[in-house]
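Numbering (the numbering used here), first residue to last: 30 to 162.
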């Protein structure tokens with residue numbers, strides 16, 4: 030089940046689950062969505078999504094398309110599209126994401142870098158326009 034408040038689809042098929050009573054160490058690589066409700070230490074990499082449930086405790090770097098954090102993560106997160114940290118969630122580490130969503134009450138300690146389209150000129154600074162008299 031996707032935690033309440035998330036923009037991820039409730040119909041998201043979860044391919045790999047680490048249950049709330051499980052504790053694992055190592056490198057976790059998958060093609061599909063990964064959900065962690067227990068403890069994990071190591072590296073996480075998937076072409077799909079990573080969901081850290083409310084009881085999840087992760088000490089790892091995460092590389093995924095979308096990452097949702099309702100539990101705790103200590104490590105760097107690279108989310109190609111979207112990173113969501115919900116009100117009960119917390120991240121201690123640096124993040125690199127296309128979009129960042131922090132729900133009120135979420136905890137984030139680290140640096141963030143947002144990906145942007147190189148052709149996006151909303152932030153190009155220009156000098157003042159010369160006035161014609």
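Glycine residues also receive a C-beta, built at the ideal position from the N, C-alpha and C atoms.
query                                                                                                                                                                 : result
Just mark residue 56 as buried or exposed, buried being the case when its beta carbon has 16 or more other beta carbons within 10 Å.                                  : exposed
Between the C-alpha atoms of residue 134 and residue 122, what's the straight-line distance to the nearest angstrom?                                                  : 17 Å
Is it buried or exposed, residue 138, if we count other Cβ atoms within 10 angstroms and call 16 or more buried?                                                      : exposed
Whose C-alpha, out of 132, 46, 63, is nearest the C-alpha of residue 95?                                                                                              : 63
Residue 49 and residue 71 - do their beta-carbons sit closer together than 9 Å?                                                                                       : no
Looking only at its chain, what residues have a beta carbon closer than 7 Å to the beta carbon of residue 167, apart from the 5 residues adjacent to it on each side? : Residue 167 is absent from the model: the chain starts at 30 and stops at 162.
In three-state terms, what does DSSP make of residue 84?                                                                                                              : coil
If I follow the unbroken beta strand (DSSP E) through residue 68, where does it start and stop?                                                                       : 68–75
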